[in-house]
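Remarks on the structure that follows.
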Amino acid sequence: MVAPPIGFRLREVRKRKGFTQTGLAKSAGISVSYLNLIEHDKRSIGGALLNRLVGILEVDLERISTHQDACLIHDLIEMAADPLFREANLETEGPQSVVGRQPNWGRGILKLYHAYLAESEAVDALSDRLHNDPFLADARHEILSLITSIRSFSEILEEYSDLSEEERTHFASVLALESKKLGSTAKSLFDFMSEMEARAQPSTPSNEVNDFIIDRSNYFPELEEAANDLRRRLADGGTTIEAKLEDHLSNHHGVHVTHGVVSPQLMPGRTERFHYDSKNRRLTIDEVLPDSSVRFLLAQFLFNLEFGDTLQETVNHTRLTTDTARERAHHAMARYAAGALLFPYDDFLHAAEDLRYDIEALGYKFGASFEQVCHRLVTLRNPTDAGLPMAFLRVDPAGNVSKRFNLTSLRMPSQIGGCPLWAAYRSFQTPGQILTQLAKLPNKETFVFVAKTVTKRAATFGAVQRMYSVMVGFDAIHAGRTVYGDALDPAKSTLVTPVGTNCRLCSRNTCQHRAYASILPQPN
Amino acid sequence: MKQKVLIAEDEPYIAESLKFLLERAGMTVETATDGAQALDAIFAHKPALVMLDVMMQYHTGFEVLKIIRSDPHLKGIKVLVLTAKGQESDRQTAFDLGADKFVTKPFSNKDVVADVKELLGLDSSDTK
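This is how it looks when you write it as structure tokens:
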């Protein structure tokens, strides 16, 4: 993984402050040549020396090195792996140089690339629909048939002067009828095309939401505080959290909760299995949902009612430039808040430490699903009381990424697919079982991956179950703090799986699982 | 003697206009609205020429064409394939199965009548 461009930043700040290299090196007690290596990011820097340098330069440490910078560099490297740039011969140190000197230019370039990807995706989707959609095939056939009869009868009326009055009247009425049908079919087709265009969702909103969450380091104190406040007010309700939530909805919002069958027609475009009848203030939760999902859904619904303004203020962020992005972010924040409500930060963090981050044990303790526990673990990012730093990934069997959260040193796949050797993908081979893995990247950094497939129950016979793989990952230096590290010894090479991030950026030229040629120079 | 033509077309107004045109051109015309009806009429009356729409119920035009070409009793019937699908693969399929002409919709009245007359060996000046 590429480190943040601390050296470049230091150099920029040094020049701006009027320091020479000799002067700064002398003040910091290091050689000029060493400072030069640092400023060109040929040597890493941290700890006491970094603090000394920022102290001499009188600049905030946060302005020199940010998690956002590291993510931006990774995004630009990933962008450079696109075959679009194959012949551009982009310099490998380009991203660091750009981010170090002009980070906003880096963001601008990335935004342009994402806009290009979004347009390409939309064009591909429309092209695919044009070729394969049965409605379009039928519409095409109908239009051509109508035009055929209209043309034929028009030519008959024009060319045959000896038609009887009856024939002429009949052919004219056929023309009128077929023309009317043609108009109606054309309108249906145009309506369909308009709907297709609206549905061609660009990928940019997802990236904007991810960037927004990264900007906030996946920690939202305002939502944690609101959740704590709401939990205190639930205390006088029923005996279980579910009962408390239902009582609160009924007593304070007049919302009556029932459990029954929710038809897919009542939840178009959504995967959450519930229906809210706002007129009768009746919330129906699909009886097929497990208890953990019911609790989560109730928590999310209640939080939306009580703290809708707080959610709205949270997503009022410059990173979210479209209504689609803000809507998705709002949904993500509502789910964050539900987790904060059900799994209070302090209780959850202490339990996680006590149980050594055993995801299943945490699930039993808090009545949470595997995915809910993983999601909460990666949000334990309070700067003054943080948990083990973790990355998160959720994929389906086709490799489609539906949720991700990166670490500075570990990037989750986004646009161009991941490494097939990761536990996230291999877990589909052992559905329902936890798979742990010591994964070593080409730069020698090693991570522990913990993955398991989760299944959303099908409501009816014949319906296809939705299956995902949910994975968390953390630096192997923390393995001893977890139950998963007990059987994994990074020193034992037989237990380590050599992986990459994705094939285009991987230098393992002997990997039997390579799907694409690498853009990186291969080791001899 | 008038030549017999069968029009196998499920769009009623297209069938009507073709019937008008070919009757005016001096032919006897029968119509069928699906593949099964078409086969019944072909076996019953052995027309000189069949105009086959590809997209029909029960038997597609290609299926009917295949049957015509495989039955020695139906030897000599001329077949003109009509379709809204003008892709090269459909044209190739039609000729591979033994069609004599391939016409895409929408067609010109003059052209389709000329095609039928050519296949039946009729004088092209003999119109209306």
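Residue numbers (my numbering), protein chains in the order written: chain A, 56 to 579; chain B, 760 to 887.
Note that beta-carbon positions come from the ideal geometry of N, C-alpha and C, so glycine has one too.
Chain-order list of residues whose beta-carbon lies under 8 Å from that of residue i (same chain, five-residue window excluded)
i	result
LYS887/B	Residue placement at LYS887/B is flagged as unreliable, the pLDDT there being 43, under the threshold of 50; a coordinate-derived value is accordingly withheld.
ARG336/A	HIS308, GLY309, VAL310, HIS311
THR501/A	LEU493, ALA494, LYS495, ASP530, ALA531, PRO545, VAL551
ILE836/B	ILE801, LYS805, PRO806, ALA807, LEU808, VAL809, ILE827
LEU230/A	ILE205, PHE208, SER209, LEU212
PHE226/A	PHE208, ILE211, LEU212, LEU218
ALA572/A	CYS558, ARG559
PHE866/B	LEU841
Same chain, Cβ closer than 7 Å to residue i, five either side skipped, listed in chain order
i	result
SER585/A	What the structure shows of chain A is the stretch from 56 to 579, and residue 585/A is not part of that stretch, so it cannot be assessed.
ASN868/B	LEU780
ALA384/A	VAL264, PHE267, VAL370, LEU375
TYR391/A	PHE275, LEU278, THR434
GLY394/A	GLN427, HIS430, ARG431, THR434
GLU382/A	none
CYS126/A	ILE269, ASN461
TYR331/A	LEU338
C-alpha gap between residue i and residue j, whole angstroms
i	j	result
THR434/A	ARG271/A	10 Å
PHE657/A	LEU131/A	Beyond the ends of chain A as shown, which are 56 and 579, falls residue 657/A; an answer cannot be given.
LEU201/A	ALA873/B	22 Å
GLU568/A	LEU360/A	Checking the displayed sequence, the identity of residue 568/A turns out to be His instead of Glu. Going by the C-alpha atoms only, they are around 49 Å apart.
THR508/A	MET526/A	9 Å
ALA506/A	ASP769/B	57 Å
PRO486/A	PHE190/A	37 Å
ARG162/A	HIS129/A	12 Å
ALA173/A	MET445/A	29 Å
LEU145/A	PHE483/A	37 Å
VAL456/A	MET815/B	43 Å
THR147/A	ILE164/A	16 Å
HIS386/A	HIS169/A	22 Å
LYS235/A	ASP183/A	30 Å
ASN461/A	GLY555/A	15 Å
ASP451/A	VAL875/B	57 Å
GLY315/A	PRO468/A	38 Å
Check whether residue i and residue j have beta carbons under 8 Å apart
i	j	result
ILE766/B	THR790/B	yes
LYS805/B	LEU856/B	no
ARG449/A	TYR523/A	yes
PHE329/A	ILE340/A	yes
VAL823/B	ALA797/B	yes
SER848/B	SER204/A	no
LEU839/B	VAL862/B	yes
LEU285/A	LEU181/A	no
TYR772/B	ALA795/B	no
ARG411/A	VAL503/A	no
LEU543/A	THR491/A	yes
GLY62/A	ASP115/A	no
ALA774/B	HIS196/A	no
Own chain residues within Cβ distance below 6 Å of residue i, not counting five before or after
i	result
ARG64/A	ILE119, GLY155
ARG436/A	SER272, ASN273, TYR274
PRO475/A	HIS568
ARG98/A	LEU92
SER333/A	none
ARG512/A	VAL343
Which of helix, strand or coil DSSP assigns to residue i
i	result
GLY880/B	coil
ILE766/B	strand
LYS887/B	Model confidence at LYS887/B stands at a pLDDT of 43, short of 50, so the residue's coordinates are unreliable; what they give is reported in the following sentence. Residue state, collapsed to three classes: coil.
ALA281/A	helix
ASP812/B	strand
PRO553/A	strand
GLY528/A	strand
TYR391/A	helix
SER258/A	In this prediction, SER258/A has a pLDDT of 47, which is less than 50 and means its spatial position is unreliable; nothing more can be read from the coordinates.
LEU230/A	helix
TYR523/A	strand
HIS568/A	coil
SER249/A	helix
ALA135/A	helix
SER457/A	strand
GLN851/B	helix
GLU222/A	helix
ASP793/B	coil
ARG328/A	coil
Proximity test, Cβ basis, 8 Å: residue i and chain D
i	result
VAL229/A	The structure shown has no chain D; the protein chains it does contain are A and B.
Inter-stretch contact at 8 Å, needing at least 3 Cβ pairs: the segment 273-283 of chain A / the segment 361-371 of chain A: yes
Segment contact flag, the segment 101-110 of chain A with the segment 133-148 of chain A, C-beta cutoff 8 Å, min 3 pairs: no
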